[in-house]
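Enquirer: Quick one: the structure is below, and I'll ask about it shortly.
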Amino acid sequence: MIGPLMAVVKKEFIQISRDIRTLIFLLFIPGFLLLLYGFALNFDVQHIPLAVCDQDRSVDSRELVGAFTNTEYFDLVARLDDPREVDSLMGRESFRIVLVIPRGFGNNLQAGRNASVQILLDGANAQSASTAAGYASAIIEGRSLKLTMESLSRAGAGKVALPLRMETRVWYNPELKSVNFLIPGLMAFLLAIIVVVSTAFSIVREKERGTMEQLRVSPLKPIELIVGKTVPYVFISLVSSHIILLLSRVLFGVTIKGDYGLLLLAMLVFLLGGLGQGLLISTVTRTQQVAFQIAILTTMLPTFILSGFVFPVRNMPVVIQAVTYLVPAKYFLIALRSVILKGVGGRAFWPQILFMLAFAALTLGLSIIRLRRPDEEDRTRRRKGKNIP
Amino acid sequence: MSSAIESVGLSKSFGDIRAVRDLTLEVPSGIMFALVGPDGAGKTTTIRMFCGLLQPTSGSVKIQGRDLAVDRGRVLRDIGYLSQRFSLYGDLSVDENIEFFARLHKVAEFKKRREELLNFTRLEPFRHRLAERLSGGMRQKLSLACTLIHTPRVLFLDEPTTGVDPVSRRDFWKILSNLLKTGITIVMTTPYLDEAERCSRVGLIHEGKLVVVDTPQALKSRLHGAVIELVCTEIRRAFAVLKAAPEAAEVQLFGDRLNLVVQDPEHDAPALEARLAREGIEILDKRIIRPSLENVFISLTQ
Amino acid sequence: MSSNSIVVTALTKAFGKFVAVEGISFSCARGEIFGFLGANGAGKSTTIRMLCGLLAPTSGRATVGGFDIEREPEKVKAHIGYMSQKFSLYEDLTVEENISFFGGAYGLSRAAIHGRLPWVVEMAGLKGREQSLTRTLSAGWKQRLALGCAILHEPEIVFLDEPTGGVDPVSRRNFWELINRLSEKGVTIFVTTHYLDEAEYCNDIRLIHAGRLVAGGSPRELKRIYIKNPILEVECDTVVDALESLQKEPWVIETSIFGTYLHVSVADEAEGRARLVRFFVARDIAVRRIERIMPSLEDVFIQRIEEENRGRREKGI
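Protein chains in written order, with numbering that gives the first Met the number 0: chain A, 0 to 388; chain B, 0 to 301; chain C, 0 to 316.
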């Protein structure tokens, strides 16, 4: 058994090493995408472009503006003279939030009257608009509180303390850096695509070239063919995933809190499922083009949208939530986050490992069954009326 | 064991289409056998059943006395198959391709055999070249080498010279002829009757049925009558005249001559010459030639 | 209008340093079936593409149907028909739909197509099957349909690219009879092929090798003029064993197995016969017959090419 199997493995490695394009796809694109997404995908909202229309120009108004611009949350990008300009400029200009301080603001404050300011928002990006509004309101409330306390102490109330205080502690991701949240997701995303596409390609290439037939007349058993063809891609996927881990550490400071061995286990099981999926695709397609399309469709979208990579599953409608149970990346992601971010032991995610194993078993099993049927290709050809050459 | 292949009542249907019907054939060992027929006649389907690539709808196949349905694994070890498409790995070199197939067939000491084959096919100087950079003729030879690496006793070639230029084709035939010395049996399919003439036994297949099997010489002698090659003026008009004549069983028009099949040369030939003379057509040359397999095929299938 | 429908003068095509076609000259008479033979890569396809107005020559001239291929390629295209190997028909269209499509592609009006349709159908013998899907037709019918589609616009010159490979003998004969009828009407047929038995149907043949014309004439002329070495057919026992030792003999130029016979190519017939007899007697092999046979076009082709190659090697090309 070893002879034919090793022959297939050796052949695959030689072919991969000679196929520069695929090699780049498998090894460098993940790193490149990681860089891209890692730096670009950032849920931390900072440096929101702010425009200020200060009609009061008093010490108080300047202090209020200062309260906004001294934080990382807002960047002052424009000064407007007239609030009416806002209508025409909002949306076209680079600012997304406008602070309008009317004339008389400072006087009202000093006189102990209500001094209101206006916040105008670009609602086109609803999410960041609400975040910006939240920050703005927090700044204003904080300022309001501070001013109140100052006037109270001037009035002789002594040092005043706030009745309620909030102490926050964040587990697992103390800096609340979204990158820590995203990296495991990115890993799952990239691995899913790599392993499924390359495995699907590998078998379909044989079919396209006609060598499949030659193999069927040899003593090679279907199982030997499958193992022989997938081993190199498991190997390469593992290399790919370690490149991603390394880059994550170097560029984004993501470290593995948990046991490396467990991480490897989770990866292997997930890869196995990916292999099965790729194989199954290759048994139903005949050209590399179609195989590629199906592979991308069944990995990219489900992994991006339904695995919990970006959008929390719990926020989805119940029906969709049910669908996510079929996405292997979802389980992988839970396992990954457990090991990388939380550093917990296997007990926390053994159900996920089991699900992934089940998926792998199902897809691999189906593939083997399909590969065993020899007549199939001829039957399809005849049905389509093509002349059997 | 004297038969390389024995098939009894072999049939294959794809839905309503009966591709091969009731094929009963015996191919003795050590010869070159050609299965001839036009596209769609069932040649490839037949050979694929012989190789175990296709399951027959009914009937049986025995290769070297072993039943294919029962003993497939064992049979596969002794046969080689060269499919119509060049099924080689373009991104592997000549050496690497042969090595791959050697290991696939668990050939223990393949290096020596590989040297033999490379010399035999004269591919030795190209051994490190990638298969996709070889010419059509060389790829054909490489495919053959890969098929022979495990020293099969029966070799199946499916239309091996289709699309190959004449010089390479002749080279290929030389290689095949030399192979026969080793006692191997070669079974090939071809739509070219002239190629079939090179084989020592020919089976004509037409619309899924095996019409006849015999040596080319015997087949030709079955033809009643003789074939006359005629060169004359205005061959197209001569063609029209002769086609209408009852004495000519068959008339074929070539670029510069006519071939006639007559049942009784002594009687029919002069009659035909007379007809031509009456039309003012002058005969420049005439000879009796040997019938071709095409003549045989046409007379048998009409 | 001259009586030649194709005239080629010193046509050359080079792709950078590689000279694909070098100084070829020939002419085809109207209504002739002209054969252009050569292996793939010999310059055949390049020449055809130039003649069809698809490729501009590097030097030399050619007129097809009276139109210069370099200066009036569009006119050339309008006056020729082209039928390719393995038939460029759409399998999933019906017979009628294919005819309509090609008619449209050649710029025929709907009325014109409507007028031609019955003629094509009749010629192809497909009356009553106009609505059949093309893929259900057997190779022989497809071939005729493809020819029909290629001549919808009644061109004066038709290019046939390896038209009859793999088709059954009866269909093939019918096809060539059809071609001959066309040719009688004055249509020039330009056949390109590397299947030498197809060349037998041509009136005049040119052989191209490594970009140059190396032989020309009718099939019989080619067999007579270009075969230097007579071919003897030997009927004896143990053909396979005899082959190997025979190949080693210095007076044997070429030998091959033909079924149960041997074909031996020698320098001189009389001497060859004598030597053969001595050879077999020395090995105690019974010989029943030695006969000189007519060479096939393939023999001519191969001998000619080997001569060419030898000549080029000697010149150091």
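Idealized CB from N, CA, C, for every residue including glycine.
1. Quickly, what does DSSP pair C:G80 with across the bridge? List them, please.
2. Go ahead and label A:Q288 buried or exposed: buried means 16 or more other beta carbons lie within 10 angstroms of its beta carbon, across all protein chains shown.
3. Under the three-state reduction of DSSP, which class applies to B:E281: helix, strand or coil?
4. Do B:W172 and C:S83 have their C-beta atoms within less than 8 Å of each other?
5. Where do the N-terminal and C-terminal ends of the alpha helix (DSSP H) with B:C50 fall, by residue?
6. Under 8 Å between C-beta atoms, does A:P221 make it to chain B?
7. Who are the neighbours of C:R288 on chain B, taking C-beta pairs under 7 Å?
8. Please list the residues of the segment 37 to 67 of chain B that have a C-beta atom closer than 8 Å to any C-beta atom in chain A, keeping them in chain order.
9. What separation, rounded to the nearest whole angstrom, lies between the Cα atoms of A:P388 and B:C198?
10. So, is C:N97 buried or exposed, given that buried needs 16 or more other C-beta atoms within 10 angstroms?
11. Under 8 Å between C-beta atoms, does A:P218 make it to chain B?
12. Taking the alpha carbon of C:G30 as the reference point, which residue from B:R112, B:R235, B:I282 and B:L218 has its own alpha carbon closest?
13. Secondary structure at B:N258, three-state DSSP: helix, strand or coil?
14. Answer yes or no: does any C-beta atom of chain B fall closer than 8 Å to that of C:G258?
15. Output, in chain order, the set of chain C residues within a Cβ distance shorter than 7 Å of B:T377.
16. What residue from C:A9, C:S26, C:A28 and C:D283 has the CA that sits closest to C:V20's CA?
17. May I have a chain-ordered list of the beta strand (DSSP E) segments no shorter than 3 residues that lie completely inside the segment 245 to 295 of chain C?
18. Between A:A6 and chain B, is any beta-carbon pair separated by less than 8 Å?
19. Just list the residues that DSSP pairs B:E303 with in beta bridges.
20. Measuring straight from C-alpha to C-alpha, what distance separates B:G41 and B:H205?
21. Assign C:V7 to one of two classes, buried (16 or more other C-beta atoms within 10 Å of its C-beta) or exposed (fewer than that).
22. Going by CA-CA distance only, name the one from C:N39, C:L50 and C:K16 that's closest to C:S24.
23. Taking Cβ positions, are B:T146 and B:L81 nearer each other than 8 Å?
24. Whole angstroms is fine: what's the gap from A:L63's alpha carbon to A:S129's?
25. Any idea if C:W140 is buried or exposed, counting beta-carbon neighbours within 10 angstroms, 16 or more meaning buried?
26. Count the CB pairs spanning the segment 154 to 172 of chain C and the segment 191 to 198 of chain C that are closer than 8 Å, and state whether there are at least three.
27. Can you say whether A:P396 is buried or exposed, counting buried as having 16 or more other CB atoms within 10 angstroms of its CB?
28. Considering Cα atoms alone, identify which of B:V211, B:P151 and B:S92 is closest to A:I13.
29. In the structure shown, what three-state DSSP assignment does A:R56 receive?
30. Looking at the secondary structure, which residues open and close the alpha helix (DSSP H) in which B:Q54 lies?
31. Just how far apart, CA to CA, sit C:N202 and B:T120?
32. Report all residues from its chain with a CB closer than 6 Å to the CB of A:I139; omit the five preceding and five following residues, and keep chain order.
33. Which chain B residues sit within Cβ distance under 9 Å of C:Y225?
34. Given that B:L75 touches chain A, what residues does it touch there, using C-beta distances under 8 Å?
35. For B:L203, does the three-state DSSP call read helix, strand or coil?
36. By Cβ distance below 7 Å, which residues in the same chain neighbour C:M0 in space, the five residues on each side in sequence not counted?
Expert: On the basis of the data shown:
1. According to DSSP, which records beta bridges pairwise, C:G80 is partnered with C:V157.
2. exposed
3. Three-state result, B:E281: coil.
4. Going by C-beta atoms, B:W172 is not nearer than 8 Å to C:S83.
5. K42 to C50
6. No - not a single Cβ of chain B is within 8 Å of the one on A:P221.
7. Chain B residues near C:R288: none, gap ~11 Å exceeds 7 Å.
8. D38, G39, T43, T44, R47, C50, G51, L52, L53 and Q54
9. Per-residue confidence for A:P388 stands at a pLDDT of 33, beneath the threshold of 50, marking its modelled position as unreliable; no derived number is given.
10. buried
11. yes
12. B:R235
13. strand
14. yes
15. The structure shown has nothing for residue 377 of chain B, since chain B only spans 0 to 301.
16. C:A9
17. 251 to 257, 260 to 265 and 286 to 292
18. yes
19. The first residue shown for chain B is 0 and the last is 301, placing residue 303 of chain B beyond what the model contains.
20. 8 Å
21. buried
22. Nearest C-alpha to C:S24 among C:N39, C:L50 and C:K16: C:L50.
23. Yes; because the gap between Cβ atoms is below 8 Å, this pair is in contact.
24. 20 Å
25. With 16 or more Cβ atoms within 10 Å of its Cβ, C:W140 is classed as buried.
26. yes
27. For chain A, the structure presents residues 0 to 388; residue 396 of chain A sits outside this window and is missing.
28. B:S92
29. coil
30. From DSSP, B:Q54 is part of no alpha helix (DSSP H); its letter is neither H nor E.
31. 37 Å
32. none
33. The contacting residues do not exist; C:Y225 stays about 14 Å from chain B at best.
34. V216, S217 and P218
35. strand
36. A caution first: C:M0 carries a pLDDT of 46, below 50, which makes its placement in the model too unreliable to give a value.
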